[in-house]
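Below is one structure; the comments refer to it alone.
Number of protein chains: 2
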Amino acid sequence: MNSTEPMEPIFDHFENYIEVSNELKSELTKRIKEVHFRKSELVLDANTICTKSYFISEGILRTYFIKDGLEITEYFSASYEWVNSPKSFILKQKDIYYIDAIENTTAYCLEIEDLMYLFDHFPEMERYARLSMGSVFGHLMERITSIRFTSAKDKYEHFQKTYHDIYHRIPLGMVASYLGITQETLSRIRAEK
Amino acid sequence: MNSTEPMEPIFDHFENYIEVSNELKSELTKRIKEVHFRKSELVLDANTICTKSYFISEGILRTYFIKDGLEITEYFSASYEWVNSPKSFILKQKDIYYIDAIENTTAYCLEIEDLMYLFDHFPEMERYARLSMGSVFGHLMERITSIRFTSAKDKYEHFQKTYHDIYHRIPLGMVASYLGITQETLSRIRAEK
DNA sequence: ATTACTATTTGATCTATGTCAAATAATCAT
DNA sequence: ATGATTATTTGACATAGATCAAATAGTAAT
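Chains as they are written, first to last, in the working numbering: chain A, 1 to 193; chain B, 1001 to 1193.
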């Protein structure tokens, strides 16, 4: 079996946090399968419990919710990151978040049951989850600071840094709602540079 | 030995996420010790690596950083929560956050080395950490939403909900910097109700 | 108790950003 | 390609909240 090659980016990702044994690799390979989404395709419906986690290899997904009839972007996710609806996924309950594809996207899908199996049989997976959540935690704290005390322009610059590989591929309206400013303001900020 | 009683709130906290064996209880009891801080006392200096995590049993701690010479509150922590400087604690490096006591505070202190020992010998501790971080994660996401799209008044109301047990014990200036609004605005909001 | 210091309130402006509206520009479907 | 949606830009105006300044109120130290 030579099909482990596409799994390399996932293994690399894990190896930022833990050592990945061959046994774990083979379990991961067995349980993770490739999926594709086309641009605009819905990945997760908010009226649904999120039972899958996706590791993106190509493309961009957007997590958003609806407020007063408008789509508000919670965050964007790009290559080599896991995406799911965190509370829904962990607590097996519905949450407000939709996920869709901003571009045609290739990802690796892991079901919650399989993840639970891995947690139960590979304690290092628990450690991986704890450590990787720690780094996400740091990003959230940074983002909170960036939102609280900065002008619309500074927010946009922070966004460009955070998403420097992909920011130019994201429609203006989605960026504006992510930043909590209006499209018009964002458009003017872009224009003046 | 009958001194395990004051540890009960900690055990209860853990039992929200995992089962706590007697063996784990005795290890926790051995490794956690009670500490006290007086009002205004510095708990963590930003020029320092955070090596301790505190579980508060009484009082309020404040995590803040300095921006343009001003103290900006990152968050408040009250009874039955763990406090540390997350990135500093996990990555053993300096970060920007100070922690001090808003009131006289009693807490239980766990050193990072002891925590690491527990992670290594009790896989359920890894699971506890993963799950409890998950719920903190949810709060951060909520807070981000609350900051992005609401008026100063709504922010203050969200703050009151989040900290309903303690919000009235926190000085106005600290609340204002937590919310990212000026003291004057906050004062006016309070007045009009 | 009295003084000094710190925190909060109140008032008068000012400004960044929102809102509403309309004009372009870009993208999509036939 | 052509027309129909949809996204972005531009303009005029409104406003929440910031800033600056000064008056109270509250707290702590002698």
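Just so it is clear, CB atoms sit at the ideal spot from N, CA and C, and this is done for glycine as well.
Please read these numbers as outputs of a predicted model, since none were measured by experiment.
Cβ neighbours of residue 1096 of chain B within its own chain (closer than 7 Å, five residues either side excluded): 1046, 1065. Setting aside the 5 residues that flank it on each side, residue 180 of chain A is surrounded in the same chain by 147, each with a C-beta closer than 7 Å to its C-beta; the list follows chain order.
As computed with DSSP, residue 1072 of chain B is found in a beta bridge with B/1065.
As computed with DSSP, residue 107 of chain A is found in a beta bridge with A/35, A/56. The bridge partners DSSP lists for residue 1077 of chain B are B/1061. With respect to residue 72 of chain A, residue 1149 of chain B sits close: the two C-beta atoms are nearer than 9 Å. Against residue 1149 of chain B, the close residues of chain A are 67, 72, 180, in the order they occur along the chain (beta-carbon pairs closer than 8 Å). Think of a sphere of 8 Å around the beta carbon of residue 1140 of chain B: the chain A residues whose beta carbon falls inside it are 137, 140, 141, 144, in chain order. With 16 or more other Cβ atoms inside 10 Å of its own Cβ, residue 107 of chain A counts as buried. Cα atoms of residue 56 of chain A and residue 136 of chain A: separation of roughly 16 Å, rounded to the nearest angstrom.
Between residue 1044 of chain B and residue 1098 of chain B the beta-carbon gap is near 6 Å, inside 8 Å, which marks them as a contact. The beta carbon of residue 40 of chain A sits closer than 7 Å to those of 100, 101, all from its chain and outside the five residues before and after it, given in chain order. Beta-bridge pairing by DSSP links residue 95 of chain A to no other residue. In the DSSP annotation of this structure, the continuous segment of the alpha helix (DSSP H) that includes residue 175 of chain A starts and ends at 172 to 179. Residue environment for residue 84 of chain A: buried (at least 16 other C-beta atoms within 10 angstroms of its C-beta). By the Cβ-count criterion, residue 88 of chain A is buried, with 16 or more other Cβ atoms from all chains shown falling within 10 Å of its own Cβ.
The three-state secondary structure of residue 20 of chain A, taken from DSSP, is coil.
Rounded to the nearest angstrom, the gap between the Cα atoms of residue 26 of chain A and residue 16 of chain A is 18 Å.
DSSP lists no beta-bridge partner residue for residue 46 of chain A. Inter-residue distance for residue 1189 of chain B and residue 1151 of chain B is about 11 Å (C-alpha atoms, whole angstroms). Measuring C-alpha to C-alpha distances from residue 142 of chain A to each of A/132, A/174, A/162 identifies A/162 as the nearest. According to the DSSP assignment, residue 1187 of chain B belongs to the alpha helix (DSSP H) that extends over 1183 to 1192. Per the DSSP secondary-structure output, residue 83 of chain A pairs in a beta bridge with A/54. Between residue 155 of chain A and the set A/165, A/175, A/138, the nearest pair of CA atoms involves A/175. Just so you know, the alpha carbons of residue 54 of chain A and residue 125 of chain A end up roughly 16 Å apart. A buried status is given to residue 86 of chain A, since no fewer than 16 other beta-carbon atoms sit within 10 Å of its beta-carbon.
Contact annotation: residue 111 of chain A and residue 52 of chain A have beta-carbon atoms nearer than 9 Å. About 6 Å separates the beta carbon of residue 80 of chain A from that of residue 9 of chain A, a gap short enough to meet the 8 Å contact definition.
In this structure, the straight-line span from the alpha carbon of residue 38 of chain A to that of residue 109 of chain A is close to 15 Å.
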